[in-house]
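The number in the numbering used here is simply the position in the sequence shown, starting from 1, with 61 added.
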Amino acid sequence: MPFFDSSDARLYYRAWEVDEPVAAFLFLHGGGEHSGQFSRLASRLNAAGVAINAVRDFVLKAV
Numbered sequence: 062m063p064f065f066d067s068s069d070a071r072l073y074y075r076a077w078e079v080d081e082p083v084a085a086f087l088f089l090h091g092g093g094e095h096s097g098q099f100s101r102l103a104s105r106l107n108a109a110g111v112a113i114n115a116v117r118d119f120v121l122k123a124v
C-alpha cells in the first residue's frame, strides 16, 4: 500500500492510475469503510481516463 510520509504523520492510500489522465478524483470514505469498495467504480473511471486515489489510513506519529 503506497503512503506519504512526513515527520508528523503517515497517509496510506490506494491508487488506480492511468498513463495519461484527463482528470483526477480522490475518494474519502467513512471510518467503517475501506478503499477496496471503490475498485469497480475506479476501473470504470480509469477506462474513461480518470486517475483515482482513495485515502486508506491517516496515522499521526507519536511526538
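Don't be surprised by glycine CBs; every beta carbon is placed ideally from N, CA and C.
If residue i and residue j are in contact, beta carbons under 8 angstroms, what's the gap, nearest whole angstrom?
i, j, result
"V116", "Y74", "5 angstroms"
For the alpha helix (DSSP H) containing residue i, name the first residue and the last one.
i, result
"A108", "100-108"
State yes or no: is the C-beta of residue i within less than 8 angstroms of the C-beta of residue j?
i, j, result
"F88", "S100", "no"
"N107", "V79", "yes"
Please go through the same chain and pick out, in chain order, the residues whose beta-carbon is closer than 6 angstroms to the beta-carbon of residue i, but skip the five residues on each side of it.
i, result
"N114", "Y74, A76, L87"
"A85", "A112"
In chain order, what residues of the same chain lie with their CB nearer than 8 angstroms to the CB of residue i, ignoring the 5 residues before and after it?
i, result
"S104", "W77"
"Q98", "H90"
What is the residue span of the beta strand (DSSP E) that residue i lies within?
i, result
"L87", "84-88"
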